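Every number in our numbering is 821 more than the matching position in the sequence shown, counting from 1. All C-beta atoms, glycine included, are put in the ideal place defined by N, C-alpha and C. Please read all numbers here as calculations on a predicted model, not as lab measurements.
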Amino acid sequence: MELRVFLLSLGFVNSTGDASLFIYQKSGSTLYLLVYVDDIIVTGSSSIELSNLISTLAARFSLKDLGCLNYFLGVEVIPSAIPSATGLFLSQRKYITDLLHKSGMADTKPASIPLSASAQLLKDSGDLLPCPTEYLALVGSLQYLSLTRPDIAFSTIKLAQFMQHPRMTH
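Next comes the structure, spelled out in structure tokens:
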């Protein structure tokens, strides 16, 4: 709460779309500040304004500047490898690998299509899972993963339909 009040006093505006996003606009430059628990990402159109903001925050709060963003909330941030291009590539390779190991599926054969559109998953077929919590956590992880992997969105939505009573076939 203290950070929010401080940012507002600096002229930042809290985004209406996301309470953790703050936006600052002045003299043609824009700064964005995103807060997640005790992690902060700052970016903007002016490197001078960014440096000033980081200095201002460091004068008020204890912080550690980690430099350019490389990894945040399970997402690896990679600058474009093409010299003439600007932008970032978002990858969740480590998140996927960790998820495969956690779910015991690291050694399974990969599939080019996660789930066929014609696959028939029925709510009453197969035995109930002995520990549905693992299924719920896995589907939640897949939902998060689908933000950078839209190719798994259909399969994930299909699996989410069975959250109330997941079965072995799901």
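- Message: Going by beta-carbon coordinates alone, are T864 and Y857 separated by less than 7 Å?
- Response: Along the sequence shown, read from residue 1 onward, the residue named residue 864 stands at position 43. Along the sequence shown, read from residue 1 onward, the residue named residue 857 stands at position 36. Cβ atoms of T864 and Y857: not closer than 7 Å.
- Message: Between V896 and chain D, is the shortest Cβ-Cβ distance under 7 Å, so that the two count as touching?
- Response: Of the protein chains in the structure, only one exists, and it is not chain D.
- Message: Can you look up K930 in the DSSP assignment and give me helix, strand or coil?
- Response: Reading the sequence shown from its first residue, position 109 is the one you call residue 930. Three-state DSSP puts K930 in coil, outside helix and strand.
- Message: Spatial neighbours of K915 within its chain, please: C-beta separation below 7 Å, excluding the five flanking residues on both sides.
- Response: On the sequence shown, position 94 is the one that residue 915 refers to. Around K915: E897.
- Task: Under the assumption that M984 contacts D948 (Cβ atoms under 8 Å), give the Cβ distance between them as a whole number of angstroms.
- Result: Counted from its first residue, the sequence shown places residue 984 at position 163. Counted from its first residue, the sequence shown places residue 948 at position 127. 17 Å between Cβ atoms; not a contact.
- Query: So D860 is in the beta strand (DSSP E); what residue range does that whole segment cover?
  - Reply: Within the sequence shown, residue 860 is the residue found at index 39, counting from 1. Where D860 is concerned, the enclosing beta strand (DSSP E) stretches over D860 to G865.
- Item | Reference P987, options R970, F975, S946 and Y892, closest by Cα | Counted from its first residue, the sequence shown places residue 987 at position 166. Measuring from the Cα of P987, the nearest candidate turns out to be S946.
- When burial is assigned at 16 or more other CB atoms within 10 Å of the CB, is F833 buried or exposed? Numbered from 1 along the sequence shown, position 12 holds the residue referred to as residue 833. It counts as buried.
- What residue range is occupied by the uninterrupted alpha helix (DSSP H) comprising Q964? Translated into the one-based positions of the sequence shown, residue 964 becomes position 143. Taken as a continuous stretch (DSSP letters only), the alpha helix (DSSP H) holding Q964 covers P953 to L966.
- Query: Can you name the start and end residues of the alpha helix (DSSP H) that F910 belongs to?
  - Reply: Here residue 910 is taken as the residue at index 89 of the sequence shown, counted from 1. Note, F910: premise wrong, no alpha helix (DSSP H); beta strand (DSSP E) at L909 to S912.
- How about L855 and I844: do their beta carbons lie closer than 7 Å? Position 34 of the sequence shown holds residue 855. Position 23 of the sequence shown holds residue 844. Contact: no.
- Query: Straight-line CA distance for D886 to I978?
  - Reply: The count along the sequence shown starts at 1 and reaches residue 886 at position 65. The count along the sequence shown starts at 1 and reaches residue 978 at position 157. One C-alpha to the other measures close to 38 Å.
- Item | Neighbourhood of K881 by C-beta distance below 7 Å, restricted to the same chain and skipping five residues each side | As a working mapping, residue 881 is identified with position 60 in the sequence shown. The residue asked about is misnamed: residue 881 is Arg in this sequence, not Lys. The residues are F827.
- Task: Go to T877, then tell me how far its beta strand (DSSP E) extends in each direction, as first and last residue.
- Result: Start at 1 with the first residue of the sequence shown, and residue 877 comes out as number 56. Run containing T877: none in the beta strand (DSSP E); it sits in the alpha helix (DSSP H), S868 to R881.
- Per DSSP, what kind of secondary structure is T918 in: helix, strand or coil? Position 97 of the sequence shown, counting from 1, holds the residue named residue 918. T918: helix per DSSP, three-state reduction.
- Going by Cα to Cα distance, which pick from S866, T877, S876 and D859 is closest to G849? Numbered from its first residue, the sequence shown carries residue 849 at position 28. Comparing Cα-Cα distances from G849 to each of S866, T877, S876 and D859, the minimum goes to S866.
- Message: Tell me the DSSP secondary structure of P971 in three-state form.
- Response: Working through the sequence shown from its first residue, we reach residue 971 at position 150. Helix, per DSSP.
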